[in-house]
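Undergrad: Please see the structure below; I have some questions.
Okay, structure coming up:
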């Protein structure tokens, strides 16, 4: 692995990608994208990282860097099993950070479907927020497919479909602070005590077991303790060179 220093920003990348990315940054490519042509396979990237590492914000900025017909996001969050089918722990809490809480097999099948140039539909998952009405979403093949979630590198059937693996990295204390703020505002967990309980008993143990070990298998590691803009710029430039 090599460290690419770009405008005072550092990301960790394998030697095999180093010169390709550096060349693209220097060339500042303005390549235009088009819809997937017959027999053309989409370029699939997987983005993972610890809970509250900043994956969602990074993804939002990545999507804004391309036109709607150039990129498609398939999020792991929409593959949680029905709450009534979930197991609870000794305190009555569902462990959403256990791979068993998700239908990862269906997730892998849908990734394979879109990789084959076919569309599919999936009902949006709304966590514990009663103010959100779930919608039926349609996913269509695009030149770039983004597969995002905690377990996209852990689950082999998904990891094997990826052309590029990205790990968003952030310090534990920072992730916890972000998680407390996020869960209260977006996911309906009103008590800080519940968030901290989940963190200590579900989130961090899952990170150590299912997420962190796969950091070393990532193609690019993007630190997000302060900001990720330069890392995003590097990734966008590389994607434009690949399509």
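Numbering (the working numbering), first residue to last: 150 to 392.
Just so you know, even glycine gets a beta-carbon here, dropped at the ideal spot from N, CA and C.
#1: Are the beta-carbon atoms belonging to residue 314 and residue 367 less than 9 Å from one another?
#2: Beta carbon of residue 294, beta carbon of residue 254: below 9 Å?
#3: If you reduce the DSSP assignment to three classes, tell me which class residue 296 lands in.
#4: Give every residue of the same chain whose Cβ lies closer than 6 Å to the Cβ of residue 351, excluding the five residues on either side of it in the sequence, and list them in chain order.
#5: Thinking just about the alpha-carbon of each residue, which of 387, 391, 390, 379 is nearest to the one in residue 207?
#6: Looking at residue 297 and residue 224, is the spacing between their C-beta atoms short of 9 Å?
#7: Round the Cβ separation of residue 220 and residue 311 to the nearest angstrom and send it over; I've been treating them as touching at under 8 Å.
#8: On the CB-based measure, 16 or more other CB atoms within 10 Å of its CB, does residue 281 come out buried or exposed?
#9: Which one of 288, 258, 373 has the shortest CA to CA distance from residue 301?
#10: Between residue 289 and the rest of its own chain, which residues show a CB-CB distance below 6 Å, the 5 nearest in sequence each way excluded?
#11: For residue 179, does the count of other Cβ atoms within 10 angstroms reach 16, so buried, or fall short, so exposed?
#12: Within the same chain, show all residues whose beta-carbon is closer than 7 Å to that of residue 329, passing over the 5 residues directly before and after it, in chain order.
#13: Helix, strand or coil for residue 274 per DSSP?
#14: Roughly how many angstroms separate the alpha carbons of residue 261 and residue 356, rounded to a whole number?
#15: Could you tell me the alpha carbon to alpha carbon distance between residue 251 and residue 229, rounded to whole angstroms?
#16: Where does residue 153 sit, in a helix, a strand or coil, going by DSSP?
#17: Ignoring anything shorter than 3 residues or poking outside the region 317-372, list the beta strand (DSSP E) runs there in chain order.
#18: With a CB to CB cut of under 7 Å and the five nearest residues on each side skipped, what residues in its chain are close to residue 222?
#19: Determine the direct distance from the alpha carbon of residue 189 to that of residue 322, and round the result to whole angstroms.
#20: Where does residue 207 sit, in a helix, a strand or coil, going by DSSP?
#21: Suppose contacts are defined by Cβ-Cβ distances below 9 Å. Is residue 303 in contact with residue 256 by that definition?
#22: Tell me residue 215's beta-bridge partners as DSSP assigns them.
#23: Work out the CA separation of residue 324 and residue 386 for me, nearest whole Å.
TA: Let me lay it out:
#1: Working through the chain shown from its first residue, we reach residue 314 at position 165. Working through the chain shown from its first residue, we reach residue 367 at position 218. Yes, Cβ-Cβ distance for residue 314 and residue 367 is below 9 Å.
#2: Mapped onto the chain shown, residue 294 falls at position 145. Mapped onto the chain shown, residue 254 falls at position 105. Taking 9 Å as the Cβ cut-off, residue 294 and residue 254 do not qualify as a contacting pair.
#3: Taking the first residue of the chain shown as position 1, residue 296 is located at position 147. Note: residue 296 maps to strand in three-state DSSP.
#4: As a working note, residue 351 is residue 202 in the chain shown. Excluding sequence neighbours, residue 351 sits near 244, 246.
#5: Against the chain shown, residue 207 aligns to sequence position 58. That would be 379, whose Cα lies nearest to the Cα of residue 207.
#6: Reading the chain shown from its first residue, position 75 is the one you call residue 224. Reading the chain shown from its first residue, position 148 is the one you call residue 297. For residue 224 and residue 297, yes; Cβs fall inside 9 Å.
#7: For the purposes of this step, residue 220 is identified with residue 71 of the chain shown, where counting begins at 1. For the purposes of this step, residue 311 is identified with residue 162 of the chain shown, where counting begins at 1. Incorrect: roughly 15 Å between the Cβ atoms, too far for contact.
#8: The residue given as residue 281 occupies position 132 in the chain shown. Exposed.
#9: The sequence position of residue 301 within the chain shown is 152, counting from 1. Answer by Cα proximity: 258.
#10: On the chain shown, residue 289 is found 140 positions in, with the first residue counted as 1. Result list for residue 289: 268, in chain order.
#11: Position 30 of the chain shown, counting from 1, holds the residue named residue 179. Legend: pLDDT at residue 179 = 42, less than 50; position of this residue unreliable, no value from coordinates given.
#12: Working through the chain shown from its first residue, we reach residue 329 at position 180. The answer, listed in chain order, is 341, 344.
#13: The residue you call residue 274 lines up with position 125 of the chain shown. Coil.
#14: For the purposes of this step, residue 261 is taken as residue 112 along the chain shown, with counting starting at 1. For the purposes of this step, residue 356 is taken as residue 207 along the chain shown, with counting starting at 1. Computed Cα separation, rounded: 26 Å.
#15: As a first step, residue 251 is located in the chain shown; it is residue number 102 there, counting from the start. As a first step, residue 229 is located in the chain shown; it is residue number 80 there, counting from the start. The alpha-carbon atoms of residue 251 and residue 229 are separated by roughly 4 Å.
#16: Position 4 of the chain shown holds residue 153. Bear in mind that the predicted position of residue 153 carries a pLDDT of just 46, short of 50, making it too unreliable to give a figure here.
#17: 369-372
#18: Taking the chain shown and counting its residues from 1, the one referred to as residue 222 is at position 73. Cβ neighbours of residue 222 beyond the five flanking positions: 208, 212, 295, 297.
#19: The residue labelled residue 322 in the question sits at position 173 within the chain shown. The residue labelled residue 189 in the question sits at position 40 within the chain shown. Roughly 43 Å separates the two Cα atoms.
#20: As a first step, residue 207 must be located in the chain shown, where it is residue number 58. Correct three-state label for residue 207: helix.
#21: On the chain shown, residue 303 is found 154 positions in, with the first residue counted as 1. On the chain shown, residue 256 is found 107 positions in, with the first residue counted as 1. Their beta carbons are not under 9 Å apart, which means residue 303 does not touch residue 256 by this criterion.
#22: By one-based count along the chain shown, residue 215 stands at place 66. Bridge partners of residue 215: none, in fact.
#23: Working through the chain shown from its first residue, we reach residue 386 at position 237. Working through the chain shown from its first residue, we reach residue 324 at position 175. For residue 386 and residue 324, the distance between alpha carbons rounds to 27 Å.
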